[in-house]
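Report on the following structure.
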Amino acid sequence: ESSRSSSPSTATYHASLSGPPPAILSAMVLHKSTETVQEQGCGVLCNLALEDENRAVIIQVGGVPIILDAMELHAGSAAVQQQACKALCNITASGKGRCAIAERAGGLQVVVGAMQRHPREEMVQEYGCAVLCNMLFEAGFKGLVVEAGGLAAINTAMQEFLAAPGVQEQGLRALANLSCPGQSAAEADTTSSSTLRPVRASHRTVTLTRSGEDPTAGELPSTFLSSGAPTAIASVFSTLEEGGLEEHPGQSLLSSSSGSVDRS
1 ESSRSSSPST
11 ATYHASLSGP
21 PPAILSAMVL
31 HKSTETVQEQ
41 GCGVLCNLAL
51 EDENRAVIIQ
61 VGGVPIILDA
71 MELHAGSAAV
81 QQQACKALCN
91 ITASGKGRCA
101 IAERAGGLQV
111 VVGAMQRHPR
121 EEMVQEYGCA
131 VLCNMLFEAG
141 FKGLVVEAGG
151 LAAINTAMQE
161 FLAAPGVQEQ
171 GLRALANLSC
181 PGQSAAEADT
191 TSSSTLRPVR
201 ASHRTVTLTR
211 SGEDPTAGEL
221 PSTFLSSGAP
231 TAIASVFSTL
241 EEGGLEEHPG
251 QSLLSSSSGS
261 VDRS
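Residue numbers (UniProt numbering): 1 to 264.
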(Lines of atoms letter the chains of each structure in order from A and count residues from 1; the text may use other names and numbers.)
(Lines give C-alpha, C1' and ligand atoms only; values in the text may rest on other atoms or scores of the structure.)
Protein backbone atom coordinates (compact mmCIF):
# COMPACT_ATOMS: atom_id res chain seq x y z
CA GLU A 1 0.00 0.00 0.00
CA SER A 2 2.72 2.47 0.99
CA SER A 3 4.87 1.75 -2.06
CA ARG A 4 1.88 2.20 -4.30
CA SER A 5 1.07 5.62 -2.89
CA SER A 6 4.67 6.83 -3.02
CA SER A 7 5.26 6.02 -6.69
CA PRO A 8 4.44 8.73 -9.26
CA SER A 9 1.25 8.28 -11.23
CA THR A 10 1.36 7.19 -14.86
CA ALA A 11 -0.26 10.46 -15.89
CA THR A 12 2.39 12.52 -14.08
CA TYR A 13 5.22 10.55 -15.66
CA HIS A 14 3.78 10.65 -19.15
CA ALA A 15 3.07 14.36 -18.88
CA SER A 16 6.76 15.13 -18.35
CA LEU A 17 8.42 16.74 -21.35
CA SER A 18 11.12 14.07 -21.11
CA GLY A 19 8.52 11.31 -21.08
CA PRO A 20 7.03 9.10 -23.78
CA PRO A 21 5.13 11.57 -26.01
CA PRO A 22 8.25 13.46 -27.19
CA ALA A 23 10.19 10.21 -27.58
CA ILE A 24 7.44 8.69 -29.71
CA LEU A 25 7.18 11.81 -31.84
CA SER A 26 10.96 11.84 -32.31
CA ALA A 27 10.81 8.27 -33.60
CA MET A 28 8.06 9.24 -36.02
CA VAL A 29 10.11 12.17 -37.32
CA LEU A 30 13.28 10.09 -37.70
CA HIS A 31 11.47 7.27 -39.50
CA LYS A 32 8.95 9.17 -41.58
CA SER A 33 9.12 6.73 -44.47
CA THR A 34 8.52 3.62 -42.35
CA GLU A 35 4.82 2.83 -42.41
CA THR A 36 4.79 0.59 -39.35
CA VAL A 37 6.56 3.20 -37.22
CA GLN A 38 3.94 5.77 -38.20
CA GLU A 39 1.06 3.37 -37.60
CA GLN A 40 2.29 2.21 -34.20
CA GLY A 41 3.35 5.71 -33.20
CA CYS A 42 -0.12 7.07 -33.91
CA GLY A 43 -1.63 4.16 -32.00
CA VAL A 44 0.45 4.90 -28.91
CA LEU A 45 -0.34 8.61 -29.12
CA CYS A 46 -4.03 7.72 -29.32
CA ASN A 47 -3.80 5.82 -26.04
CA LEU A 48 -1.64 8.43 -24.32
CA ALA A 49 -4.08 11.15 -25.32
CA LEU A 50 -6.75 9.44 -23.25
CA GLU A 51 -5.39 11.51 -20.34
CA ASP A 52 -5.58 15.29 -20.24
CA GLU A 53 -1.94 15.77 -19.19
CA ASN A 54 -0.62 13.63 -22.02
CA ARG A 55 -2.86 15.32 -24.53
CA ALA A 56 -1.52 18.71 -23.50
CA VAL A 57 2.09 17.55 -23.89
CA ILE A 58 1.43 16.03 -27.32
CA ILE A 59 -0.05 19.33 -28.50
CA GLN A 60 2.68 21.41 -26.85
CA VAL A 61 5.56 19.57 -28.52
CA GLY A 62 4.00 19.68 -31.99
CA GLY A 63 2.38 16.28 -32.18
CA VAL A 64 -0.54 17.27 -34.39
CA PRO A 65 1.56 18.33 -37.42
CA ILE A 66 3.62 15.15 -37.08
CA ILE A 67 0.47 13.00 -37.15
CA LEU A 68 -0.83 14.92 -40.17
CA ASP A 69 2.54 14.48 -41.90
CA ALA A 70 2.27 10.73 -41.35
CA MET A 71 -1.16 10.75 -42.95
CA GLU A 72 0.13 12.61 -45.99
CA LEU A 73 3.27 10.51 -46.42
CA HIS A 74 1.34 7.25 -46.08
CA ALA A 75 -1.90 8.32 -47.70
CA GLY A 76 -2.41 4.88 -49.23
CA SER A 77 -2.15 3.03 -45.93
CA ALA A 78 -5.54 2.47 -44.33
CA ALA A 79 -3.81 1.30 -41.14
CA VAL A 80 -1.92 4.58 -40.73
CA GLN A 81 -5.04 6.61 -41.54
CA GLN A 82 -7.10 4.70 -39.01
CA GLN A 83 -4.64 5.06 -36.14
CA ALA A 84 -3.96 8.70 -37.02
CA CYS A 85 -7.66 9.57 -37.05
CA LYS A 86 -8.11 7.86 -33.69
CA ALA A 87 -5.21 9.85 -32.24
CA LEU A 88 -6.55 13.10 -33.66
CA CYS A 89 -9.98 12.30 -32.28
CA ASN A 90 -8.63 12.10 -28.74
CA ILE A 91 -6.39 15.13 -29.22
CA THR A 92 -9.26 17.27 -30.50
CA ALA A 93 -11.04 16.66 -27.22
CA SER A 94 -9.31 19.88 -26.20
CA GLY A 95 -9.67 23.31 -27.72
CA LYS A 96 -5.93 23.57 -28.24
CA GLY A 97 -6.02 20.31 -30.16
CA ARG A 98 -8.72 21.63 -32.44
CA CYS A 99 -6.76 24.83 -32.95
CA ALA A 100 -3.65 22.82 -33.83
CA ILE A 101 -5.46 21.11 -36.72
CA ALA A 102 -7.09 24.34 -37.88
CA GLU A 103 -3.80 26.25 -37.81
CA ARG A 104 -1.88 23.67 -39.82
CA ALA A 105 -2.28 24.51 -43.50
CA GLY A 106 -4.53 21.91 -45.08
CA GLY A 107 -4.98 20.07 -41.79
CA LEU A 108 -8.68 19.37 -42.17
CA GLN A 109 -8.21 18.47 -45.83
CA VAL A 110 -5.84 15.71 -44.72
CA VAL A 111 -8.57 14.14 -42.58
CA VAL A 112 -11.19 14.50 -45.30
CA GLY A 113 -8.69 13.17 -47.84
CA ALA A 114 -8.20 10.03 -45.77
CA MET A 115 -11.94 9.40 -45.84
CA GLN A 116 -12.07 10.00 -49.59
CA ARG A 117 -9.13 7.69 -50.37
CA HIS A 118 -10.42 4.85 -48.23
CA PRO A 119 -14.18 4.83 -48.82
CA ARG A 120 -14.47 1.10 -48.04
CA GLU A 121 -12.56 1.23 -44.75
CA GLU A 122 -15.18 1.36 -42.02
CA MET A 123 -12.81 2.40 -39.22
CA VAL A 124 -11.29 5.22 -41.26
CA GLN A 125 -14.80 6.52 -41.93
CA GLU A 126 -15.91 6.18 -38.30
CA TYR A 127 -12.90 7.91 -36.78
CA GLY A 128 -12.73 10.47 -39.57
CA CYS A 129 -16.32 11.42 -38.74
CA ALA A 130 -15.33 11.57 -35.06
CA VAL A 131 -12.54 14.07 -35.76
CA LEU A 132 -14.91 16.22 -37.82
CA CYS A 133 -17.48 15.93 -35.04
CA ASN A 134 -15.00 17.38 -32.58
CA MET A 135 -14.03 20.17 -34.95
CA LEU A 136 -17.70 21.01 -35.55
CA PHE A 137 -18.08 21.28 -31.80
CA GLU A 138 -16.55 24.72 -32.12
CA ALA A 139 -18.47 27.47 -33.87
CA GLY A 140 -15.36 29.06 -35.33
CA PHE A 141 -14.30 25.91 -37.14
CA LYS A 142 -17.60 24.97 -38.79
CA GLY A 143 -16.82 26.98 -41.89
CA LEU A 144 -13.41 25.30 -42.19
CA VAL A 145 -15.00 21.86 -42.08
CA VAL A 146 -17.47 22.87 -44.79
CA GLU A 147 -14.72 24.32 -46.99
CA ALA A 148 -12.60 21.19 -46.59
CA GLY A 149 -15.42 19.01 -47.92
CA GLY A 150 -16.24 17.56 -44.52
CA LEU A 151 -20.02 17.51 -45.01
CA ALA A 152 -19.78 15.55 -48.23
CA ALA A 153 -17.35 13.11 -46.59
CA ILE A 154 -19.72 12.54 -43.65
CA ASN A 155 -22.67 12.09 -45.99
CA THR A 156 -20.79 9.58 -48.16
CA ALA A 157 -19.62 7.62 -45.12
CA MET A 158 -23.12 7.36 -43.69
CA GLN A 159 -24.59 6.22 -47.00
CA GLU A 160 -21.80 3.69 -47.61
CA PHE A 161 -22.01 2.16 -44.13
CA LEU A 162 -25.72 2.20 -43.32
CA ALA A 163 -25.40 -0.98 -41.25
CA ALA A 164 -22.36 0.21 -39.27
CA PRO A 165 -23.54 1.71 -35.96
CA GLY A 166 -20.18 3.37 -35.23
CA VAL A 167 -20.13 5.27 -38.52
CA GLN A 168 -23.77 6.28 -38.14
CA GLU A 169 -23.25 7.41 -34.55
CA GLN A 170 -20.24 9.58 -35.29
CA GLY A 171 -21.79 10.93 -38.48
CA LEU A 172 -24.96 11.92 -36.65
CA ARG A 173 -22.96 13.45 -33.82
CA ALA A 174 -21.05 15.53 -36.34
CA LEU A 175 -24.25 16.70 -38.04
CA ALA A 176 -25.80 17.48 -34.65
CA ASN A 177 -22.80 19.65 -33.77
CA LEU A 178 -23.07 21.35 -37.15
CA SER A 179 -26.72 22.19 -36.60
CA CYS A 180 -26.07 23.85 -33.22
CA PRO A 181 -24.55 27.30 -32.76
CA GLY A 182 -21.55 26.02 -30.80
CA GLN A 183 -19.55 27.77 -28.11
CA SER A 184 -16.96 30.49 -28.19
CA ALA A 185 -13.32 29.86 -27.37
CA ALA A 186 -13.76 31.44 -23.95
CA GLU A 187 -16.80 29.27 -23.19
CA ALA A 188 -15.02 26.15 -24.37
CA ASP A 189 -12.04 26.86 -22.12
CA THR A 190 -14.30 26.93 -19.06
CA THR A 191 -16.13 23.72 -19.91
CA SER A 192 -15.19 20.77 -17.72
CA SER A 193 -12.94 18.17 -19.31
CA SER A 194 -15.56 15.49 -18.71
CA THR A 195 -17.82 17.24 -21.20
CA LEU A 196 -15.03 17.37 -23.72
CA ARG A 197 -14.16 13.71 -23.66
CA PRO A 198 -13.61 12.35 -27.15
CA VAL A 199 -15.36 11.29 -29.15
CA ARG A 200 -17.26 14.41 -28.47
CA ALA A 201 -20.77 14.27 -28.93
CA SER A 202 -24.17 15.07 -29.94
CA HIS A 203 -26.23 18.10 -29.48
CA ARG A 204 -24.07 21.11 -28.67
CA THR A 205 -20.93 19.94 -27.06
CA VAL A 206 -18.19 22.50 -26.74
CA THR A 207 -16.73 24.69 -29.38
CA LEU A 208 -14.20 27.43 -29.50
CA THR A 209 -14.89 30.50 -31.54
CA ARG A 210 -12.41 33.22 -31.36
CA SER A 211 -14.93 36.00 -31.74
CA GLY A 212 -17.97 34.27 -30.33
CA GLU A 213 -19.64 34.61 -33.71
CA ASP A 214 -20.05 32.14 -36.53
CA PRO A 215 -19.30 33.87 -39.85
CA THR A 216 -20.92 31.01 -41.76
CA ALA A 217 -24.09 30.93 -39.66
CA GLY A 218 -26.26 32.08 -42.54
CA GLU A 219 -24.65 29.71 -45.03
CA LEU A 220 -24.67 26.49 -43.05
CA PRO A 221 -28.35 25.55 -43.44
CA SER A 222 -28.22 25.74 -47.25
CA THR A 223 -24.87 23.97 -47.30
CA PHE A 224 -26.30 21.27 -45.06
CA LEU A 225 -29.23 20.74 -47.41
CA SER A 226 -27.17 20.75 -50.60
CA SER A 227 -24.65 18.29 -49.15
CA GLY A 228 -27.16 15.45 -49.22
CA ALA A 229 -26.83 14.98 -45.47
CA PRO A 230 -30.61 14.95 -44.87
CA THR A 231 -30.85 12.02 -47.30
CA ALA A 232 -28.24 10.13 -45.33
CA ILE A 233 -30.06 10.83 -42.07
CA ALA A 234 -33.38 9.75 -43.57
CA SER A 235 -31.78 6.49 -44.72
CA VAL A 236 -30.43 5.85 -41.23
CA PHE A 237 -33.78 6.35 -39.55
CA SER A 238 -35.51 4.24 -42.18
CA THR A 239 -33.10 1.42 -41.42
CA LEU A 240 -33.63 1.90 -37.69
CA GLU A 241 -37.40 1.64 -38.10
CA GLU A 242 -36.91 -1.65 -39.91
CA GLY A 243 -34.81 -2.97 -37.04
CA GLY A 244 -31.65 -3.07 -39.12
CA LEU A 245 -29.40 -1.34 -36.60
CA GLU A 246 -28.80 -2.01 -32.94
CA GLU A 247 -28.75 0.82 -30.47
CA HIS A 248 -25.26 1.54 -29.19
CA PRO A 249 -24.25 3.48 -26.07
CA GLY A 250 -22.51 6.80 -26.40
CA GLN A 251 -18.79 6.67 -27.07
CA SER A 252 -16.31 8.67 -25.07
CA LEU A 253 -12.56 8.07 -25.15
CA LEU A 254 -10.93 5.99 -27.85
CA SER A 255 -8.31 3.33 -27.29
CA SER A 256 -6.00 2.19 -30.05
CA SER A 257 -6.43 -1.46 -29.17
CA SER A 258 -10.09 -1.76 -28.27
CA GLY A 259 -11.75 1.00 -30.26
CA SER A 260 -13.36 2.70 -27.28
CA VAL A 261 -13.21 2.79 -23.54
CA ASP A 262 -15.16 4.34 -20.71
CA ARG A 263 -18.48 3.47 -22.26
CA SER A 264 -21.46 4.45 -20.18
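Quick reminder that beta carbons are idealized off the backbone N, C-alpha and C, glycines included.
The structure presented is a predicted model; accordingly, all values stated were derived computationally and were not measured.
Legend entry - Nearest-angstrom Cβ-Cβ length linking L108 and A148, presumed shorter than 8 Å: Indeed they touch by this definition, with Cβ atoms about 4 Å apart.
Inset, instruction - Going by CA-CA distance only, name the one from I154, L50, L30 that's closest to L132. - result: Of the listed residues, the one whose Cα sits closest to L132 is I154.
Inset, instruction - Within the region 123 to 156, note down every full beta strand (DSSP E) run reaching 3 residues or more, in order along the chain. - result: Within the region 123 to 156, no beta strand (DSSP E) run of at least 3 residues lies entirely inside it.
Legend entry - DSSP state of R181 mapped onto helix, strand, coil: Here the sequence assigns Pro to residue 181, which means Arg is not the residue at that position. Shown here, P181 sits in coil according to DSSP, grouped into three states, outside any helix or strand.
Inset, instruction - Quick one: measure Cβ to Cβ for A114 and M71, integer angstroms, because I've assumed they're closer than 8 Å. - result: Indeed, because the Cβ distance is near 6 Å, the residues count as touching under 8 Å.
Inset, instruction - Return yes when the Cβ of Q159 is within less than 8 Å of the Cβ of Y127, no when it is not. - result: No, Cβ-Cβ distance for Y127 and Q159 is not below 8 Å.
Legend entry - Simplified DSSP state of A56, which is helix, strand or coil: The answer is helix: DSSP assigns A56 an H, G or I state.
Inset, instruction - Starting from the Cα of A130, find the closest Cα among R98, I24, R117, V29 and give me that residue. - result: Selected option, being the one with the closest Cα: R98.
Legend entry - Cβ shell of residue 332 (< 7 Å), same chain only, five flanking positions each side left out: Nothing about residue 332 can be read from this structure; the chain reaches only from 1 to 264.
Legend entry - Host alpha helix (DSSP H) of R98 (start-end): In the DSSP assignment, R98 falls within the alpha helix (DSSP H) that extends over 95 to 103.
Legend entry - Local conformation of P22 per DSSP, three classes: Of the three classes helix, strand and coil, the one that applies to P22 here is helix, per DSSP.
Legend entry - Cβ pair R117, A75 closer than 8 Å: Cβ distance < 8 Å, so R117 and A75 count as in contact.
Inset, instruction - Give the straight-line distance between the Cα atoms of S33 and I58, rounded to the nearest whole angstrom. - result: Straight-line Cα distance between these residues: approximately 21 Å.
Legend entry - Whole-angstrom distance between V61 and L151, CA atom to CA atom: Using only the alpha carbons, I get a separation of about 31 Å.
Inset, instruction - Give me the Cα-Cα distance between L45 and M135, rounded to the nearest whole angstrom. - result: When rounded, the distance between both Cα atoms is 19 Å.
Inset, instruction - Round the Cβ separation of V80 and E35 to the nearest angstrom and send it over; I've been treating them as touching at under 8 Å. - result: That belief holds up - the Cβ atoms of V80 and E35 are roughly 6 Å apart, short of 8 Å.
Inset, instruction - Decide if P21 is buried, meaning its Cβ has at least 16 other Cβ atoms within 10 Å, or exposed. - result: Buried: at least 16 other Cβ atoms inside 10 Å.
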